[in-house]
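Note that the sequence shown ends on residue 325 in this note's numbering; no numbers are left out. Each residue gets a CB set at the ideal place from its N, CA and C atoms; glycine is no exception. Note that this is a predicted model, so its numbers are computed, not measured.
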Amino acid sequence: MENIVEGIITSPVLWLTIVILYTLKKGIYFVPQNRGYVIYTLGKYSKTLAAGLNFIIPYVQSVAADRNLKEQSLEITSQAAITKDNISLDIDGILFMKVTDAAAATNNITDYKMSVVQLAMTSMRNAIGSMELDECFQNRDTINAQILSSMTEATAPWGVMVTRYEIKDITPPQTIREDMEKQMTAEREKRSVILTAEGVKTAAITEAEGQKQARVLDAEAAKAEQVLAAQASKEAQILEATGKAEAIRLVADADANALEVVGNAANSEQGHAAVMLTLAQDSIAAHQAIANESTVVLTDGKTGDNIANTVAQAIAVSSSLKLSN
């Protein structure tokens with residue numbers, strides 16, 4: 001048994017087979033997806049193996065580095081940075097990057113991850129140093145963009161692309177935090193006072209507008225009332241004048257009719273005698289009224305003649321009317 005084992009071990013075929021298999025293993029590589037194998041030929045870079053089945057020359061070529069081509073995240077530890085107004089802040093962040101050129105990440109930089117982290121810390125301090133404290137809290141996006149811009153240009157020769165940078169936390173000193181809390185309290189009180197004043201102002205304006213509108217409506221109502229009263233007075237006066245005119249016309253018509261009837265009656269002998277009698281009676285009644293109402297009656301002693309004269313005058317008037325007709 002020992003002779004058999006010894007024969008196999010010392011067999012040239014066995015060793016030749018082992019050498020061939022080892023050589024095949026050294027010359028065939030299955031590269032996973034999103035990986036890059038950097039190949040050196042006799043110590044000099046020659047090519048980068050892509051994903052899939054690849055062949056190299058054993059013992060002449062070798063895999064110098066295996067680079068991950070996926071996007072990776074690197075945490076930036078908290079560090080101190082001084083703002084433009086000399087306030088010390090503790091800032092940490094997170095960096096996202098990916099290797100775009102495996103050969104450059106191997107040949108142009110010793111440790112690309114450590115270098116990217118150090119560059120991110122330096123860029124972050126520079127960005128914070130160009131801003132004041134309030135700007136640092138208000139312009140995080142600007143800081144992120146500034147850091148990303150500076151790192152993109154610096155990492156291009158390394159075959160590394162920084163895709164995104166985010167500040168996780170900005171921590172000011174305790175005294176600054178207390179001052180900021182006081183400032184925020186003052187701002188809230190200020191906004192409260194401003195809102196209260198604006199509310200009072202709005203209420204006063206609304207009340208004044210309401211009073212103005214009410215006065216305008218009152219004035220319009222009074223004006224309309226005066227117009228209606230004037231129109232009513234005008235219509236009443238028109239109706240009254242129309243009524244008076246109609247009454248005068250009716251009285252005039254009645255007087256005219258009466259005179260016409262009297263005139264027609266006076267044309268006869270009986271009417272003529274009646275007119276004379278009526279005139280004599282009226283004359284006598286007038287003299288009696290004067291005598292009754294006066295304590296002293298002045299007369300010329302010819303009362304009878306006067307009555308006769310009055311009757312004669314009436315007869316003459318009646319005759320003239322008769323002649324004219």
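For L74, DSSP records a beta bridge to L95. With 16 or more other Cβ atoms from the protein chains shown falling within 10 Å of its own Cβ, W158 counts as buried.
For I167, same chain residues with a beta-carbon under 7 Å away, outside a window of 5 residues either side, are I91, G93, R140, I143 and N144 in chain order. Apart from the 5 residues on each side of it in sequence, C136 sits with its Cβ closer than 8 Å to the Cβ of T83, L89, I128, I143 and I170 in its chain, given in chain order.
The Cβ atoms of N107 and Y45 sit closer than 8 Å to each other. When Cβ pairs closer than 8 Å are counted between the two stretches, the region 119–133 is seen not to touch the region 56–72, the count staying below three. Boundaries of the alpha helix (DSSP H) harbouring Q138: L133 to Q138, taken from the DSSP string. For Q79, the CB contacts under 6 Å within the same chain, skipping 5 residues up- and downstream, are M121 in chain order.
Note on geometry: alpha-carbon atoms of P32 and Y40 lie some 19 Å from one another.
Every beta strand (DSSP E) of 3 residues or more that sits fully in the region 11–92 is shown, in chain order, as 28–31, 35–41, 44–49, 52–55, 61–68 and 71–82. I57 sits away from G36, with the two beta carbons spaced by 8 Å or more. For I167, the enclosing beta strand (DSSP E) covers residues V160 to T171. Beyond the five residues adjoining it in sequence on each side, M180 comes within less than 8 Å, by CB distance, of P172 in the same chain, given in chain order.
At the C-beta level, V160 and V117 stay beyond 8 Å of one another.
Rounded to the nearest whole angstrom, the C-alpha separation of Q211 and A197 is 21 Å.
By the neighbour-count criterion, in which 16 or more other beta carbons inside 10 Å mark a residue as buried, M151 falls on the buried side. Contact between A103 and T48 holds, since their C-beta atoms are separated by about 5 Å, short of 8 Å.
The DSSP assignment places no complete run of the alpha helix (DSSP H) inside the region 186–223 (cut-off: 4 residues). By the C-beta density criterion, Y165 is buried, having at least 16 other C-beta atoms within 10 angstroms.
K113 is the residue among L21, F55, K113 and L14 whose C-alpha sits nearest the C-alpha of E71. Distance from L95 to I76 at the Cβ level is roughly 6 Å; contact confirmed, criterion being Cβ atoms closer than 8 Å.
Going by DSSP, I109 is part of no alpha helix (DSSP H) at all; its letter is neither H nor E. For the set S73, L69, L74 and G43, the Cα lying nearest the Cα of V60 is the one of G43. It is roughly 10 Å from the alpha-carbon of G52 to the alpha-carbon of N34. Cβ contact annotation for F55 (same chain, cutoff 7 Å, sequence separation greater than five): G27 and I28, in chain order.
When the Cα atoms are used, A258 and R249 turn out to be separated by approximately 14 Å. For S149, the three-state secondary structure derived from DSSP is helix.
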